[in-house]
Structures are given as structure tokens and as C-alpha cells.
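One structure is given here, and the rest of the page talks about it.
Numbering (the numbering used here), first residue to last: 143 to 347.
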């Protein structure tokens, strides 16, 4: 049985599962099951294999794993607003929630460039992302890239979605109505509406 006191072998190539199995004194199948929390074996054997993998610096082939599981555990996040006071907390929350569940996030800024947007989308699809989240500066403007008919799910957050798409946007009309109704219940009759540029859809709520 291999000893923990043995020197760590120096590999000129990336450490493979076969290397881990050889150092741990088990079969490749057993090593694979131990590292994937599968199969029946003693807790001591499982931990010995995992410790060997850590000692050798073994990293699983993420592409091979994604092909086997049919999931890459990655999500693309597209935006044209990486500095906005509304978009920053949104993107941070998306990232935190996904990472907490073992999903990595690819953040890509498409700016207002359709070619740049398409390049990022193509790259995400090449990396086999499990889905794409699109967010932007305004809920009444599309991102400058076509996200319809992709082979992965697309969710829109605070940007104009495609028809019948899953979208999370603020209900500005409903919010304005609630505010006015509240003032009316308080007996207020002279209500000022402080607004922004007429080009924003929220202004007409």
C-alpha cells in the first residue's frame, strides 16, 4: 500500500486518473468512483484516494465530465451595463446564488456592439454553458444580440425579452398605481410626478 511518506512524483504532463489510481494502489474504476462519491468502498479507501488526488494535484477533465453528465455547471451572463447602480447588485446576486450551488459564471459585456455580442454568445455555446442570463441597462431595450432559437435556455432580467421568454422585470405600472392609491387613501389630492426623459418606457407608467 502506498505510504503518505513517499515523495510526490513529478509529472511532465497533467496528472491523470490512472496516475491517481496507481499511487493509491487501486483500479482506475475505483479511483473514479471515489472521486465522484459513488460506488461501495470503505471510508478509509475513499479518503486515501481523495488524499492521493490532492497530493498529486489531480484536476478532473471538466469537458469529459460535462459530456458524461450532459451538464457543464456553467452559465453565461450577458450584459451591456457592467457599471450600473441597478445592474451591479443584480449581477452580484446572480453570481453568488449560482456559485453557492456549484455553478460557474461567465460574465461578458456586449456593450452596444452586435458583432461583439454574437462573438460572446458563440463562445458560450462552444463552452457548452447550461444556460444564459441576459440583463441590460433598460427594460425597454433589447441587448444588441439575437438570443432567440438558441439550443440552451435563456432568462431575461431587467432587459427587454423576446416574446414568450422567461423574464424578470419590474412592474412599473403596478408600482405607480400602488403609490397613487396610497396617497389617495391618505387624502392627498395634489400629487407631483417627478420623471425622467420621455424616451424611457417607465416614464409613461
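Yeah, the Cβ is synthetic: ideal placement off N, Cα and C, and Gly gets one too.
The three-state secondary structure of residue 246, taken from DSSP, is strand. DSSP lists 251 and 277 as the bridge partner or partners of residue 221. With respect to residue 237, residue 216 sits apart: the two C-beta atoms are not nearer than 8 angstroms. In terms of CA proximity to residue 337, 318 leads the group 328, 331 and 318. Within the same chain, and ignoring the five residues on either side of residue 322 in sequence, the residues whose Cβ sits closer than 8 angstroms to its Cβ are 333. DSSP places residue 342 outside both helix and strand once states are collapsed to three, so it counts as coil. For the pair residue 198 and residue 285, the CB atoms are not nearer than the 8 angstroms cut-off.
For residue 176, there is no enclosing beta strand (DSSP E); the enclosing alpha helix (DSSP H) covers residues 170 to 177. Here residue 324 is exposed: its Cβ has fewer than 16 other Cβ atoms, across all protein chains shown, within 10 Å. If the five residues before and after residue 162 are omitted, its C-beta is found closer than 8 angstroms to the C-beta atoms of 173, 177, 191, 194, 195, 198 and 200, all from its own chain and listed in chain order.
Secondary structure at residue 308: strand, using DSSP grouped into helix, strand and coil. The beta carbon of residue 260 lies closer than 7 angstroms to those of 287 in the same chain, with the five residues before and after it left out.
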